[in-house]
Structure formats: C-alpha cells, structure tokens
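In our numbering, the protein residues as written are 500 to 720.
Positions of the beta carbon are idealized from the N, C-alpha and C atoms, including for glycine.
The structure appears below as structure tokens.
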Amino acid sequence: MNGIDLVIFDCDGVLVDSEMIASRELAAYLTDLGRPTTGAECRAAFTGLSIQSVGEKVRGAWGVDLPADFAAALRERDRAAFERDLKAVPGVEAALDALSARGLPFCVASSGAPEKIRHSLALTGLLDRFDGHLFSAAQVARGKPAPDLFLHAATAMGAEPGRCLVLEDSPAGVQGAVAATMRAHGFTGASHCTDATAPALVAAGAVAIHPTMADFLSLLL
Ligand SMILES: [Mg+2]
C-alpha cells in the first residue's frame with residue numbers, strides 16, 4: 500500500500516460486529532425510559548457516537564429527560580449483551596495477519612471508553628493484536644467527527660497524518676479522518692450496514708468503500 504505508514508481501525512462496526520447489538524440495547528433502554536424507539540432509528544441517529552454524545556443528543560434533539568446514570572446504565576447493558584452475542588467482523592484476523600506480515604503498523608481509534616474497547620477486543624480474541632495501540636475518545640477533548648482522536652493516535656504511533664489510512668463504518672468517523680487530513684476508507688461489511696451506508700460514507704468523504712475485509716485486504720496484496 501504505497502504512501503501508507505499506519506492503518507487506523509475503528510472498533511465498533513469494523514473490527515467487531517457490535518452496532519446491531521448496541522442499537523438494540525439503546526432502543527430497549529430508551530423505550531423503558533418512556534421514549535419508544537427502534538434499533539433502526541437508533542442506528543440512523545447514533546452510529547459512531549460516544550455514549551456521552553448519544554446522551555447529549557437524546558436530551559437535546561430528542562428532548563428526553565434522562566437519568567443521571569444513563570451512560571453507566573447503558574454501558575452495563577451493552578457489556579452484558581456483548582458477552583452473550585459479540586463476534587469479530589469476518590476476515591479481520593486475516594487482514595491483521597497481512598498487515599503484520601508486511602510490517603505495516605496498525606491501531607484502533609474508537610469513540611468507546613478504553614475499558615469497553617479492551618472488553619470488545621478480548622471477547623473476540625483480538626486484544627493481543629492491539630496491545631498498547633488502543634486509542635479512545637476519552638483521551639482527547641473532542642470525539643468524532645472532530646479530528647482529535649485520529650491525530651492523537653497518529654502522534655502516539657509516530658506517523659504523519661497524511662500517511663495514515665482510516666477504516667470506518669460511520670459518517671462521523673469518516674468526517675473525523677478527513678478533518679485529520681487522513682485517507683478515509685469506508686467499510687460496509689458489518690451486519691448493521693444497508694444499501695444507504697456506502698453513499699453516506701462517500702458523502703462524508705470516503706475515497707474508497709470496502710464491502711468485506713477481503714476486499715480491504717486486496718489493497719495490501
Ligand atoms: Mg464504528
């Protein structure tokens with residue numbers, strides 16, 4: 500892969516197939532709190548956002564009065580559901596093997612809290628691959644779609660932003676990568692993606708779309 504010194508993976512919806520589970524849990528919780536909604540509505544509104552940003556948007560745009568422990572309670576629901584249902588995205592291990600074989604560094608940059616990223620990667624057998632190379636929106640002032648997290652990851656990994664490739668499944672993530680002057684590629688291989696996902700990622704600035712990890716891997720060969 501010419502001109503690339505670092506691959507930055509989003510976690511949810513790229514490394515782990517978590518968005519269907521998380522949107523289902525969020526919809527169930529908001530419904531319990533008196534705002535009936537569906538997983539599909541939650542995916543459309545909140546994919547790629549941190550729990551803190553989700554809470555702000557539900558309180559603001561949706562006008563829902565949330566309990567003070569909303570974020571903690573939602574994290575606990577997600578944690579239990581992930582332990583039951585979470586799987587790696589198909590083909591991730593082969594893609595990481597190919598990067599390692601070519602000596603191309605990679606890391607993860609996620610809107611999730613550090614302990615959530617570690618938990619998701621541990622449940623799916625991927626944690627060892629990212630040891631010491633995990634970056635969370637909790638480490639920077641502004642989460643995606645701001646560029647802060649991607650720039651922080653590039654600095655920590657010793658890579659120039661212009662030589663980083665970011666693989667993202669959400670418009671917010673693609674926008675953050677573009678704002679960081681990185682090469683943003685869209686990934687549409689997770690189970691929550693629909694026919695509308697790729698056009699939304701292109702509109703956000705993705706320069707390529709990969710429907711599978713094997714397609715992404717073909718870039719490297
Ligand atoms: Mg994502």
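Near ligand 1: residue i beta-carbon under 6 Å from a heavy atom
i	result
aspartate 511	yes
serine 669	yes
glycine 642	no
glycine 547	yes
C-beta atoms of residue i and residue j nearer than 7 Å
i	j	result
arginine 682	leucine 666	no
leucine 565	leucine 622	no
arginine 583	glutamate 524	no
leucine 633	alanine 679	no
cysteine 541	serine 609	no
isoleucine 550	leucine 532	no
aspartate 647	alanine 653	no
alanine 671	proline 698	no
valine 673	alanine 703	yes
phenylalanine 686	aspartate 668	yes
alanine 567	glycine 554	no
methionine 712	alanine 594	yes
cysteine 606	isoleucine 507	yes
proline 613	serine 635	yes
methionine 656	leucine 514	no
alanine 705	glycine 512	no
glycine 547	serine 522	no
Residue i - DSSP class collapsed to helix/strand/coil
i	result
glycine 554	helix
leucine 603	coil
serine 635	strand
isoleucine 708	strand
serine 522	helix
glycine 502	coil
leucine 573	helix
leucine 718	coil
proline 698	helix
lysine 643	coil
glutamate 592	helix
histidine 618	helix
phenylalanine 567	One point to set straight first is that residue 567 is alanine, not phenylalanine, in the sequence displayed. Three-state result, alanine 567: coil.
arginine 534	coil
cysteine 541	helix
threonine 654	helix
glutamate 582	helix
alanine 676	helix
aspartate 630	coil
glycine 547	coil
alanine 612	coil
glycine 559	helix
leucine 598	helix
leucine 648	helix
leucine 721	Any answer about residue 721 is impossible in this case: the structure gives the chain only from 500 up to 720.
Residues sharing a beta bridge with residue i, DSSP
i	result
alanine 587	Val515
glutamate 667	Gly685
isoleucine 507	Cys606, Val665
Test: residue i CB closer than 7 Å to a CB of chain D
i	result
aspartate 516	The structure shown contains no chain D, having only a single protein chain.
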